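Student: Going letter by letter, the sequence shown gives residues 6 to 58 in our numbering.
If you scroll down you'll find the structure; I have some questions about it.
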Amino acid sequence: MFKRKQVFQDAGAESLFLWGARQTGKTSLLKERYPNALWFDSSEDYIWDNRLL
């Protein structure tokens with residue numbers, strides 16, 4: 006995997022939306038940059054089935 010350099014300025018404790026094409030490493034980037042963060046993947050069926058969003 007390529008090492009990515011991305012700076013999320015002014016992110017602090019705010020929530021983020023990261024948009025982009027499929028299979029480009031968005032989830033991998035977030036897991037690397039924020040290993041202890043709580044996050045939800047809206048593409049998971051159980052979120053929609055249980056109406057969590």
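Where a beta carbon is used, it is the ideal one built from N, C-alpha and C, also for glycine.
As the structure is a prediction and not an experimental result, all values here were calculated from the model.
Note the first and the last residue of the continuous alpha helix (DSSP H) segment covering LYS36.
Tutor: 31-38
Student: Could you name the residues of the same chain whose beta carbon sits closer than 7 Å to that of GLY2, not counting the 5 residues immediately before and after it, in chain order?
Tutor: The requested residue 2 does not occur in the structure, where the chain is confined to residues 6 to 58.
Student: I'd like to check one pair, GLN11 with LEU34: are the Cβ atoms closer than 8 Å?
Tutor: yes
Student: How many Å lie between GLU37 and SER48 at the Cα?
Tutor: 20 Å
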